[in-house]
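What follows is a short report on a single structure.
2 protein chains.
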Amino acid sequence: MIEKLIQKIEKTKAPIVAGLDPMLSYIPGFILEKAFQERGETLEGAAQAVWEFNKGIVDAIYDLVPAVKPQIAMYEQFGIPGLQAYKRTVDYCKEKDLVVIGDVKRGDIGSTSAAYAAGHLGRVQVGSQSYAPFDEDFATVNPYLGTDGVKPFVDVCKEYKKGLFILVKTSNPSSGEFQDRLIDGRPLYEWVGEKVDEWGRDHMGQRYSYIGAVIGATYPEMGKTLRKLMPQTFFLVPGYGAQGAKGADLANFFNEDGLGAIVNSSRGIIAAYKQEAYAAFGEEGYAQASRKAVEDMAADIRQALEQA
Amino acid sequence: MIEKLIQKIEKTKAPIVAGLDPMLSYIPGFILEKAFQERGETLEGAAQAVWEFNKGIVDAIYDLVPAVKPQIAMYEQFGIPGLQAYKRTVDYCKEKDLVVIGDVKRGDIGSTSAAYAAGHLGRVQVGSQSYAPFDEDFATVNPYLGTDGVKPFVDVCKEYKKGLFILVKTSNPSSGEFQDRLIDGRPLYEWVGEKVDEWGRDHMGQRYSYIGAVIGATYPEMGKTLRKLMPQTFFLVPGYGAQGAKGADLANFFNEDGLGAIVNSSRGIIAAYKQEAYAAFGEEGYAQASRKAVEDMAADIRQALEQA
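Chains A and B, in that order, are what the protein sequence lines are.
Using the numbering used here, you'd call the opening residue of the first sequence number 1 and step up by one each time.
Using the numbering used here, you'd call the opening residue of the second sequence number 309 and step up by one each time.
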């Protein structure tokens with residue numbers, strides 16, 4: 001799956017993942033009203049609005065981006081109907097040949113991680129039948145429990161040709177509270193990064209491992225260090241746009257081959273029509289505003305890589 | 309909710325949480341066969357078997373234990389039908405007046421943690437209506453992202469009188485890989501423990517905070533240190549039984565008031581009928597075997613606390 005991701009990045013010339021993290025406050029009124037009329041102001045209504053909103057955006061941008069990253073929390077908050085909208089979104093994006101990164105940040109002790117891995121990336125056995133319940137292409141994983149909490153995900157990726165992005169240095173303001181603490185003179189995130197590199201070494205695509213890392217765009221100097229430390233690890237880089245990182249910050253996360261990273265933007269793409277720069281599209285043109293925001297982001301990253 | 313948990317522990321004299329972590333391999337053949345006959349060898353069939361199995365156990369033990377802890381991964385692996393069985397299990401346990409600890413180990417950047425917190429512990433707004441989608445009493449949380457990833461959960465607990473157990477030192481073999489690394493001479497889990505204590509200090513029940521910690525029973529010496537470091541923090545202690553910890557290991561996790569900890573057993577309770585000691589109950593008596601296993605575990609812990 002890492003090869004498919006890289007091929008799509010090369011084809012689109014846009015190392016961009018669109019974060020499908022819909023809040024109801026991002027969704028245009030006309031979509032909300034229709035959903036509430038049909039399903040009421042219910043969890044089902046919210047889920048339908050989320051799905052309709054997503055579909056509009058995916059239809060508008062699927063030829064421009066290699067991948068999408070639905071954040072499952074934004075669906076899980078609406079209970080079972082929300083999770084049905086998540087599943088529908090995953091399925092639809094795969095129909096559109098997008099690489100789907102399930103931003104689930106799961107991670108537990110071994111037997112439990114094995115269940116998450118089966119449910120999200122692999123297959124689960126029921127009697128004589130087997131099923132792929134969520135079937136994302138990649139999933140994000142939390143490493144706090146160590147190797148035996150991560151290994152079951154790695155094993156499932158190997159069996160089903162999927163991939164992971166493991167949290168190393170996250171984009172949020174207080175990520176440093178534990179991740180930056182020094183252990184034998186080096187921050188925890190470097191130790192985690194080395195482990196990710198180790199977990200990934202036997203799980204290579206042609207140039208990069210399918211065991212990747214999450215490194216926040218908001219910490220470009222740390223990105224530079226980690227890029228050197230983990231040359232064969234693909235980075236998922238959140239934090240561009242709404243979280244504050246700019247194109248110029250991004251070059252550090254890429255290798256000299258122009259690859260090695262994919263940059264996520266969520267609000268900046270899916271709620272673009274709410275920004276002044278794209279206000280002319282209006283609510284009805286929200287999906288076209290998202291398309292323009294993707295084009296602008298791709299140009300911003302290309303410029304940053306050319307100037308680096 | 310921490311007060312309810314403590315009152316129920318005092319009433320049952322059993323600081324035990326039954327881990328409702330059903331694997332299909334734990335479920336007696338007669339339940340599986342019935343479910344597969346009715347719903348086929350499908351995800352729906354698996355979910356029905358899980359629910360029937362859980363209901364039998366809950367009916368047999370609800371008067372003996374204060375709390376249950378469904379591990380959501382074991383349901384999520386069966387996709388949407390599995391998550392419906394999770395929700396049904398949560399609801400049923402609450403009807404039986406059990407305290408429900410959702411073992412979800414969620415944790416993300418602030419806005420995303422807020423969505424998880426609303427979905428699992430609080431309420432979510434849809435137009436003019438609000439809903440409590442999963443509505444567990446407690447949830448487990450992963451602290452790797454630091455304060456801004458945890459704070460939204462704490463805020464929701466305050467508003468809705470719920471509680472948390474935050475991962476500090478987990479029970480699995482490789483938990484030490486990162487958690488035990490020394491930072492300024494003290495292991496990471498102690499720094500995390502201090503943060504949990506700090507997050508919990510303004511969120512007190514009468515004697516204990518409703519912001520608790522997960523400390524694995526498999527590391528009793530570390531439990532002893534953490535018990536002293538965090539006297540007002542309630543501990544959720546997994547790892548008893550199948551994971552290897554014994555009653556004698558447990559005294560370290562309790563305060564002198566005989567409180568401060570609740571010990572989880574999953575397989576040891578729910579699959580008790582598969583153990584030699586309870587084999588006489590047979591498959592048909594699986595729930596009564598679970599009841600006897602709870603009684604034996606309660607006696608084991610009481611003895612450990614008396615001898616300490």
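Glycine residues also receive a C-beta, built at the ideal position from the N, C-alpha and C atoms.
**Asked** Could one say the Cβ of A/S25 lies closer than 7 Å to chain B's Cβ atoms, at least one of them?
**Response** no
**Asked** Under 9 Å Cβ-Cβ, which residues of chain B neighbour A/E198?
**Response** Result: empty, since nearest Cβ-Cβ is about 11 Å, beyond 9 Å.
**Prompt:** In angstroms, rounded to a whole number, what distance separates the CA positions of B/I474 and A/P22?
**Reply:** 27 Å
**Message:** Any beta carbon of chain D sitting closer than 7 Å to that of A/F36?
**Reply:** Absent from the structure is chain D; the protein chains it does hold are A and B.
**Request:** Report yes or no: do the stretch 486 to 506 of chain B and the stretch 158 to 174 of chain A share at least 3 C-beta pairs separated by less than 8 Å?
**Result:** no
**Request:** Inspect the beta-carbon positions of A/G239 and B/P441 and report whether they are closer than 7 Å.
**Result:** no
**Message:** I'd like to confirm the pairing. Which residues does DSSP put opposite B/F543 in its beta bridges?
**Reply:** B/A521 and B/A569
**Message:** For a test of the three-state rule: what should DSSP assign to B/I317, helix, strand or coil?
**Reply:** helix
**Asked** Which value, in whole angstroms, describes the spacing of the CA atoms of B/A587 and A/P70?
**Response** 46 Å
**Item:** Buried versus exposed call for B/E444 [16 or more other C-beta atoms within 10 Å across all chains shown]
**Value:** buried
**Prompt:** Interface residues of chain B around A/W51 at Cβ under 9 Å?
**Reply:** None at all; the shortest Cβ gap to chain B is about 14 Å.
**Message:** On a Cα-Cα basis, can you pick out the residue from B/G590, B/G593, B/P528 and B/S573 that is closest to B/F562?
**Reply:** B/P528
**Item:** Terminal residues of the alpha helix (DSSP H) in which A/P152 lies
**Value:** T147 to Y160
**Asked** Since A/D108 meets chain B, which of its residues come closer than 7 Å, beta carbon to beta carbon?
**Response** A381 and K413
**Message:** With H, G and I counted as helix, E and B as strand and the rest as coil, what does DSSP make of A/S266?
**Reply:** coil
**Request:** Note the first and the last residue of the continuous beta strand (DSSP E) segment covering A/G176.
**Result:** Taken as a continuous stretch (DSSP letters only), A/G176 belongs to no beta strand (DSSP E), being part of the alpha helix (DSSP H) at G176 to Q179.
**Asked** DSSP puts A/D103 in a beta bridge; with which residues?
**Response** A/Q71
**Message:** If I follow the unbroken beta strand (DSSP E) through B/G364, where does it start and stop?
**Reply:** From DSSP, B/G364 is part of no beta strand (DSSP E) but of the alpha helix (DSSP H) over L351 to I369.
**Asked** Hey, how far is the Cα of B/I335 from the Cα of A/L145?
**Response** 28 Å
**Prompt:** Closer than 7 Å, CB to CB, is B/G427 near chain A or not?
**Reply:** yes
**Message:** Please tell me whether, using a cut-off of 6 Å, the distance from the CB of A/L182 to the nearest non-hydrogen atom of the ligand PLP is below it.
**Reply:** Looking for the ligand PLP in the displayed structure turns up nothing, as the structure carries no ligands at all.
**Prompt:** Which residue comes first and which comes last in the alpha helix (DSSP H) that contains B/L496?
**Reply:** L496 to R509
**Asked** Nearest to B/A601 by CA position, among B/A612, B/S517 and B/S574, is which residue?
**Response** B/S574
**Message:** Taking the straight line between their C-alpha atoms, what separation do you get for A/T233 and A/F138?
**Reply:** 14 Å
**Request:** Would you kindly report the start and end of the unbroken alpha helix (DSSP H) that includes A/V294?
**Result:** Y286 to Q307
**Message:** Helix, strand or coil, according to DSSP, for B/Q392 in the structure here?
**Reply:** helix
**7 Å Cβ cutoff, A/P22 in contact with chain B** = no
**Message:** For a cutoff of 7 Å on Cβ pairs, would you count B/P378 as touching chain A?
**Reply:** no
**Message:** Do A/D103 and A/T140 have their beta-carbon atoms positioned less than 7 Å apart in this structure?
**Reply:** yes
**Prompt:** Can you tell me the Cα-Cα spacing of A/I262 and A/I109, whole angstroms?
**Reply:** 29 Å
**Prompt:** What is the DSSP secondary structure of B/Q345, counted as helix, strand or coil?
**Reply:** helix
**Prompt:** Is A/Y131 closer than 7 Å to B/L351 when the C-beta atoms are compared?
**Reply:** yes
**Item:** Amino acids of chain A, ordered along the chain, whose beta-carbon sits closer than 7 Å to that of B/I388
**Value:** I80, L83, Q84 and K87
**Prompt:** Is the Cβ-Cβ distance between A/E76 and B/G435 less than 7 Å?
**Reply:** no
**Message:** Quick check on B/K477: does DSSP put it in helix, strand or coil?
**Reply:** strand
**Prompt:** Between A/R181 and chain B, is there a C-beta pair that is closer than 7 Å?
**Reply:** yes
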